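In full-length UniProt numbering, the protein residues as written are 1 to 359. Backbone N, C-alpha and C fix where the C-beta goes; we use that ideal spot for every residue, glycine too. Predicted model, so just to flag it, every value in this text is computed and none were measured.
Below, the structure is given as structure tokens:
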């Protein structure tokens with residue numbers, strides 16, 4: 001008799017680890033502790049992925065909880081089981097001793113090189129978390145859920161890379177050192193600016209400028225050329241696309257679409273995440289749920305296809321799944337059930353398609 005085991009990709013395992021970390025953060029039941037122990041023992045890749053995700057979690061209590069859940073035990077009745085259990089526990093303790101110091105240092109890396117003023121950091125937020133980081137020049141970066149940036153400063157430039165997710169940049173003025181954010185093959189250089197960048201993938205992204213101007217160029221332009229463009233306003237338009245206060249540009253497949261001047265209401269809606277809110281104004285339920293899922297490990301399965309096009313409008317707290325479900329249930333009599341792997345199934349016998357209001 002042969003046993004067929006499902007093959008999981010690296011992305012699958014990281015997703016499973018992320019869900020386990022989320023569960024640890026809110027507290028595990030006895031059954032979940034047993035299931036986690038079994039999952040950990042199945043593969044070294046599971047242990048490594050769990051440590052990796054726990055290290056990126058904003059709340060250090062997750063690491064503390066893991067160390068308490070898997071302490072070294074003096075005895076186990078079965079000798080083989082004892083060896084396996086100790087191997088699992090020891091691997092965690094070693095990883096936490098090595099990784100804990102890094103996490104306690106606010107999740108960044110910093111060192112000196114030939115340029116003694118070089119400053120390198122990596123900032124990360126986990127699913128459902130939003131954090132503001134201060135940079136040495138007085139600039140700040142607010143990271144949205146599940147986002148990551150790398151910061152590289154020297155005496156001649158301020159270079160940041162948005163690895164994933166979304167960020168708001170409040171830039172301190174320094175004309176001698178351009179502040180440039182690279183996303184995929186595009187670069188955004190601040191000209192005394194507050195701006196927001198959302199990375200969908202390496203080719204698709206969105207830029208919203210709430211104050212000042214941003215110069216959009218192809219990534220890889222020399223610091224000298226960018227600096228010259230900043231100092232000489234007549235050359236800025238030639239260097240790239242200028243986006244000003246209250247404007248938005250969408251980049252699809254590395255092509256900048258037409259710059260759009262946003263009404264105040266739309267600007268506030270696009271940037272509502274910075275206040276921990278989500279604003280919908282008639283988007284299809286499927287679209288709204290995709291956005292909501294960014295702030296939680298919960299995934300949604302719309303069982304009834306008719307529900308996908310329901311129009312959703314209102315204000316929702318980011319990550320408040322219970323509040324959203326309560327609104328859907330009270331307004332549309334949508335029935336939901338919680339399945340395995342943090343999936344919520346939505347069904348309804350209601351064929352109407354009014355707009356959900358949650359003002």
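Residue i and residue j closer than 8 Å at C-beta
i, j, result
"residue 150", "residue 122", "yes"
"residue 296", "residue 319", "yes"
"residue 141", "residue 167", "yes"
"residue 307", "residue 244", "no"
"residue 309", "residue 284", "yes"
"residue 119", "residue 153", "yes"
"residue 294", "residue 146", "yes"
"residue 317", "residue 277", "yes"
Between the CA atoms of residue j and residue i - distance to the nearest angstrom
i, j, result
"residue 143", "residue 212", "20 Å"
"residue 325", "residue 155", "51 Å"
"residue 240", "residue 178", "15 Å"
"residue 170", "residue 30", "45 Å"
"residue 51", "residue 216", "37 Å"
"residue 248", "residue 302", "31 Å"
"residue 180", "residue 339", "44 Å"
"residue 182", "residue 162", "6 Å"
"residue 305", "residue 193", "43 Å"
"residue 271", "residue 37", "41 Å"
"residue 28", "residue 20", "9 Å"
"residue 207", "residue 132", "19 Å"
"residue 14", "residue 269", "31 Å"
"residue 262", "residue 344", "35 Å"
"residue 138", "residue 40", "42 Å"
"residue 197", "residue 242", "15 Å"
"residue 109", "residue 328", "With a pLDDT of 37 at residue 109, under the threshold of 50, the predicted position of this residue should be treated as unreliable, and no value is reported."
"residue 282", "residue 136", "42 Å"
"residue 292", "residue 172", "32 Å"
"residue 134", "residue 321", "30 Å"
"residue 287", "residue 214", "29 Å"
"residue 394", "residue 323", "The displayed coordinates of the chain run from 1 to 359. Any statement about residue 394 would go beyond what the structure contains."
"residue 335", "residue 250", "36 Å"
"residue 246", "residue 32", "48 Å"
"residue 273", "residue 315", "11 Å"
"residue 176", "residue 148", "26 Å"
"residue 266", "residue 124", "28 Å"
"residue 258", "residue 330", "40 Å"
"residue 16", "residue 46", "9 Å"
"residue 35", "residue 191", "52 Å"
"residue 195", "residue 313", "26 Å"
"residue 42", "residue 174", "52 Å"
Given residue i as reference, the closest of the options once Cα atoms are compared
i, options, result
"residue 18", "48, 38, 280", "48"
"residue 332", "339, 322, 346", "346"
"residue 342", "322, 315, 299", "299"
"residue 219", "250, 136, 206, 186", "186"
"residue 184", "176, 165, 174, 172", "165"
"residue 160", "32, 189, 313, 174", "189"
Per-residue burial, residue i [other beta carbons within 10 Å of its own, 16 or more giving buried]
i, result
"residue 275", "exposed"
"residue 44", "exposed"
"residue 9", "exposed"
"residue 290", "exposed"
"residue 264", "exposed"
"residue 126", "buried"
"residue 12", "exposed"
Any non-hydrogen atom of the ligand NAD closer than 7 Å to residue i Cβ
i, result
"residue 256", "The ligand NAD is not part of the structure shown, which contains no ligands of any sort."
Meets three-Cβ-pair contact criterion under 8 Å: the region 242 to 257 and the region 199 to 206: Yes, since at least three Cβ pairs between the region 242 to 257 and the region 199 to 206 fall closer than 8 Å, the two stretches touch.
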